[in-house]
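Asker:
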Amino acid sequence: MTTLPDDRGRFGDYGGRFVPETLIPALDELEAAWRAARGDEVFQRELDDLLRRFAGRPTPLGDARRLSADAGGCRVVLKREDLCHTGAHKINNTLGQVLLARRMGKKRIIAETGAGQHGVATATAAALFGLPCEVYMGALDVERQALNVFRMQLLGARVVPVESGSRTLKDAMNEAIRAWVTNVRDTHYIIGSVAGPHPYPAMVRDFQAVIGDEARAQVQELCGRLPDAVVACVGGGSNAMGIFSAFVSDPGVKLVGVEAAGRGLASGEHGASLTKGRPGVLHGSRSYVLQTPEGQIAEAHSISAGLDYPGVGPELAYLKDEGRLTVTSATDAEALEALQYLARTEGIIPALESAHAVAAALPLARELGPGGLLMVNVSGRGDKDVEQVRRALAALAAPPGRKAKPKAARPARRSAR
34 MTTLPDDRGR FGDYGGRFVP ETLIPALDEL EAAWRAARGD EVFQRELDDL LRRFAGRPTP
94 LGDARRLSAD AGGCRVVLKR EDLCHTGAHK INNTLGQVLL ARRMGKKRII AETGAGQHGV
154 ATATAAALFG LPCEVYMGAL DVERQALNVF RMQLLGARVV PVESGSRTLK DAMNEAIRAW
214 VTNVRDTHYI IGSVAGPHPY PAMVRDFQAV IGDEARAQVQ ELCGRLPDAV VACVGGGSNA
274 MGIFSAFVSD PGVKLVGVEA AGRGLASGEH GASLTKGRPG VLHGSRSYVL QTPEGQIAEA
334 HSISAGLDYP GVGPELAYLK DEGRLTVTSA TDAEALEALQ YLARTEGIIP ALESAHAVAA
394 ALPLARELGP GGLLMVNVSG RGDKDVEQVR RALAALAAPP GRKAKPKAAR PARRSAR
């Protein structure tokens, strides 16, 4: 499984390239640069140095002692990607891709973002190398992640609100791809997840594999063995493939992906592509996609902007079909509860994305029981979500008939520049 994708960029039936002809030369150029960089000691040494001295790697792996006690004795350990510079695992990938952009002689960076963490990480890497940067972001996410919008602007990026469609990550990615087609000669598009046309799914996985490589060594040092299960949230899937990649070839380690069940899987308002989607093409590759009965892309929903996406990376689709990946989900309410739980029991405020993984961890730990060992990837910190969480909890506490629906609130149409 770790040898995939094949030379067509396929993970079994998934992946590939479904893009306009004008993008093929740019993708070929990117694939050639990525393959050369993987074997280039100078490139890898520079990236390793940036990860250690700028991004703050290695991130720690530590015990969640009170969570473990609540679980009845299963040992739960947390991989702390929230302690990366900029607050999430996204910086691992953006540093690698900006180095590649410089290697290819690109003069400008564009990106899309949902929760804003990828946008902040891209703006940070672009600022570090003195490259102009534009970040496309759904207008709804601009409202939900106002703090991250301001952070991107402080870092010198231009944030472009996207008003089309559901005004979330899917629409931001549509707009970023259009912008790339227009400026492909001098512009590099940094995709933030293991999605998009080949080589992005494999390339982003490789840049995020540092999470799993570190975690594998750390858990053996801390606990003396590999975990029984590794849990990560899944939207597009970059943090999940990052940590899973080191354990895919270990059949004794269960890989658990937690999708956004939103307002409930039966409600139709969720982001659970692996659970409720079916094979289709979205943003340049074939994978599981949420679709209407007519085959149109369906709108996703999650309280977490980073999981509010109707597709998933093709390698995760392949691992699911192969029976290597177990898929579960957590609702908005369960994620909110898990965020508060981890804050009160472990002193960690996770991102809403990561809170979905935490929500699934406690019942899984109870299932493993005493002697079990469970690893959870805390992919990002919750600073960016604090105001949204405050509003959501206030809405839940409001008297019946006066509750606000968090997603129904329309953002003010304002410039994010």
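First residue of the sequence shown? That's 34 in this note's numbering, and the numbers climb one at a time after it. Positions of the beta carbon are idealized from the N, C-alpha and C atoms, including for glycine.
#1: Compute the Euclidean distance between the alpha carbons of Arg141 and Leu180, then round it to the nearest angstrom.
#2: Since Tyr342 contacts Lys203 with CB under 8 Å, what's their CB separation in whole angstroms?
#3: Does the beta-carbon distance from Ala209 to Ala134 come in below 8 Å?
#4: Pairs of beta-carbons, one from the segment 44-62 and one from the segment 307-323, closer than 8 Å: are there three or more?
#5: When you compare each of Gly328, Gly402, Thr119, Asp115 to Gly380 by their alpha carbons, which one comes out closest?
#6: Three-state secondary structure (DSSP) at Gly45?
#7: Since Ala368 and His389 are thought to touch, with beta carbons under 8 Å apart, how far apart are those beta carbons, to the nearest angstrom?
#8: Give the DSSP-derived three-state secondary structure of Glu64 in the structure shown.
#9: Which runs of the beta strand (DSSP E) fall wholly inside the segment 90-146 and span at least 3 residues, in chain order?
#10: Can you confirm whether Leu352, when its beta carbon is compared against all beta carbons of chain B, has any partner nearer than 8 Å?
#11: Hey, out of Arg98, Leu37, Ala158, Asp61, whose CA is closest to Leu83's CA?
#12: To the nearest angstrom, report how far apart Cys256 and Met408 are at their CA atoms.
#13: Identify whether Ser271 lies in helix, strand or coil by the three-state DSSP scheme.
#14: State the DSSP-derived secondary structure class of Arg447, mapped to helix, strand or coil.
#15: Would you be able to state if there are at least three C-beta pairs under 8 Å between the segment 226-246 and the segment 275-289?
#16: Going by DSSP, what residue range makes up the alpha helix (DSSP H) through Asn207?
#17: Using a Cβ-Cβ cutoff of less than 8 Å, which residues in the same chain neighbour Ser101 once the five nearest sequence positions on both sides are dropped?
#18: Can you list the alpha helix (DSSP H) stretches of 4 or more residues lying completely in the segment 282-361, in chain order?
#19: Among residues of its own chain, excluding the 5 on either side of Val286, which ones have a beta-carbon nearer than 8 Å to its beta-carbon?
#20: Does the Cβ-Cβ distance between Gly344 and Ala205 come in under 8 Å?
#21: In three-state DSSP terms, what is Val391?
#22: Could you spell out the range, first to last residue, of the alpha helix (DSSP H) harbouring Ile244?
#23: Using a threshold of 8 Å, state whether the C-beta atoms of Thr155 and Met170 are closer than that.
#24: Alpha carbon to alpha carbon, what distance is there between His151 and Gly270?
#25: Using the three-state DSSP reduction, which class does Arg50 fall into: helix, strand or coil?
#26: With Thr220 as the anchor, note down where its beta strand (DSSP E) starts and where it stops.
#27: From Leu248 to Val192, what does the alpha carbon distance come to, in whole angstroms?
#28: Which value, in whole angstroms, describes the spacing of the CA atoms of Gly120 and Phe87?
#29: For Gly380, name the three-state secondary structure that DSSP assigns.
#30: Run through DSSP, which three-state label would Pro396 get?
#31: Report buried or exposed for Glu254, applying the criterion of at least 16 other Cβ atoms within 10 angstroms of its Cβ.
#32: For Glu348, does the count of other Cβ atoms within 10 angstroms reach 16, so buried, or fall short, so exposed?
#33: Do the CB positions of Ser337 and Ala59 come within less than 8 Å of each other?
#34: Please state whether the Cβ-Cβ distance between His303 and Pro38 is less than 8 Å.
#35: Got a sec? Which residues, its chain only, sit under 7 Å from Arg492 by beta carbon, not counting five neighbours each side?
#36: Helix, strand or coil, according to DSSP, for Val58 in the structure here?
Answerer: In this structure, then:
#1: As a first step, residue 141 is located in the sequence shown; it is residue number 108 there, counting from the start. As a first step, residue 180 is located in the sequence shown; it is residue number 147 there, counting from the start. Cα to Cα, the separation comes out at about 24 Å.
#2: Indexing the sequence shown from 1 puts residue 342 at position 309. Indexing the sequence shown from 1 puts residue 203 at position 170. Right, their Cβ atoms sit about 6 Å apart.
#3: As a working mapping, residue 209 is identified with position 176 in the sequence shown. As a working mapping, residue 134 is identified with position 101 in the sequence shown. Cβ distance not < 8 Å, so Ala209 and Ala134 don't count as in contact.
#4: yes
#5: Working through the sequence shown from its first residue, we reach residue 380 at position 347. Taking only the C-alpha atoms, the option nearest Gly380 is Asp115.
#6: Sequence index remark: in the sequence shown, residue 45 carries index 12 (1-based). Gly45 carries a coil assignment under DSSP once its states are collapsed to helix, strand and coil.
#7: As a first step, residue 368 is located in the sequence shown; it is residue number 335 there, counting from the start. As a first step, residue 389 is located in the sequence shown; it is residue number 356 there, counting from the start. Right, the Cβ-Cβ distance comes to about 5 Å (below 8 Å), so this counts as a contact.
#8: Here residue 64 is taken as the residue at index 31 of the sequence shown, counted from 1. The answer is helix: DSSP assigns Glu64 an H, G or I state.
#9: 94-96, 108-113, 141-146
#10: Note that chain B does not occur in the displayed structure, where there is just one protein chain.
#11: Working through the sequence shown from its first residue, we reach residue 83 at position 50. Checking every option, the nearest Cα to that of Leu83 belongs to Ala158.
#12: For the purposes of this step, residue 256 is taken as residue 223 along the sequence shown, with counting starting at 1. For the purposes of this step, residue 408 is taken as residue 375 along the sequence shown, with counting starting at 1. Cα-Cα distance, rounded: 11 Å.
#13: In the sequence shown, the residue the question calls residue 271 occupies position 238. Looking at Ser271 - three-state DSSP - the assignment turns out to be helix.
#14: Walking along the sequence shown from the start, residue 447 turns up at place 414. The pLDDT assigned to Arg447 is 37, lower than 50, so where the model puts this residue is not dependable; a value taken from the coordinates is nonetheless given after this. Correct three-state label for Arg447: coil.
#15: yes
#16: Locating residue 207 in the sequence shown gives position 174, where the first residue counts as 1. Asn207 -> alpha helix (DSSP H) spans 202-215.
#17: Mapped onto the sequence shown, residue 101 falls at position 68. The answer, listed in chain order, is Cys107, Arg108, Val109, Ala398.
#18: 306-309, 347-354
#19: For this step, residue 286 is matched to residue 253 along the sequence shown. Result list for Val286: Leu259, Pro260, Asp261, Ala262, Val263, Phe280, in chain order.
#20: Here residue 344 refers to the residue found at position 311 of the sequence shown. Here residue 205 refers to the residue found at position 172 of the sequence shown. Against a cut-off of 8 Å, the Cβ pair of Ala205 and Gly344 comes out as no contact.
#21: Sequence index remark: in the sequence shown, residue 391 carries index 358 (1-based). If DSSP states are grouped into helix, strand and coil, Val391 belongs with the helices.
#22: Residue numbering aside, residue 244 sits at position 211 when the sequence shown is read from its first letter. Here the alpha helix (DSSP H) through Ile244 covers 233-256.
#23: Residue mapping note: residue 155 aligns to position 122 of the sequence shown, counting from 1. Residue mapping note: residue 170 aligns to position 137 of the sequence shown, counting from 1. The answer is no: Cβ separation not under 8 Å.
#24: For the purposes of this step, residue 270 is taken as residue 237 along the sequence shown, with counting starting at 1. For the purposes of this step, residue 151 is taken as residue 118 along the sequence shown, with counting starting at 1. Each residue's Cα considered, the two are about 13 Å apart.
#25: Numbered from 1 along the sequence shown, position 17 holds the residue referred to as residue 50. If DSSP states are grouped into helix, strand and coil, Arg50 belongs with coil.
#26: Taking the first residue of the sequence shown as position 1, residue 220 is located at position 187. Run containing Thr220: 220-223, per the beta strand (DSSP E) assignment.
#27: Against the sequence shown, residue 248 aligns to sequence position 215. Against the sequence shown, residue 192 aligns to sequence position 159. Just to set this straight, residue 248 is Ala in the shown sequence, not Leu. CA-to-CA, the gap between Ala248 and Val192 works out to about 34 Å.
#28: For the purposes of this step, residue 120 is taken as residue 87 along the sequence shown, with counting starting at 1. For the purposes of this step, residue 87 is taken as residue 54 along the sequence shown, with counting starting at 1. Between Gly120 and Phe87, the C-alpha separation is close to 12 Å.
#29: Mapped onto the sequence shown, residue 380 falls at position 347. In the three-state reduction of the DSSP assignment, Gly380 falls in the coil class.
#30: Stepping through the sequence shown from its first residue, residue 396 is reached at position 363. Helix at Pro396.
#31: Sequence index remark: in the sequence shown, residue 254 carries index 221 (1-based). Glu254 is exposed by the Cβ-count criterion.
#32: In the sequence shown, the residue the question calls residue 348 occupies position 315. Classification for Glu348: buried.
#33: The residue you call residue 337 lines up with position 304 of the sequence shown. The residue you call residue 59 lines up with position 26 of the sequence shown. Their beta carbons are not under 8 Å apart, which means Ser337 does not touch Ala59 by this criterion.
#34: For this step, residue 303 is matched to residue 270 along the sequence shown. For this step, residue 38 is matched to residue 5 along the sequence shown. It is not a contact, given that the beta carbons lie outside the stated cut-off.
#35: Since the first and last residues shown for the chain are 34 and 450, residue 492 lies out of range.
#36: The residue labelled residue 58 in the question sits at position 25 within the sequence shown. Inspection of the sequence shows that residue 58 is occupied by Pro rather than by Val. Under the three-state reduction of DSSP, Pro58 is assigned to helix.
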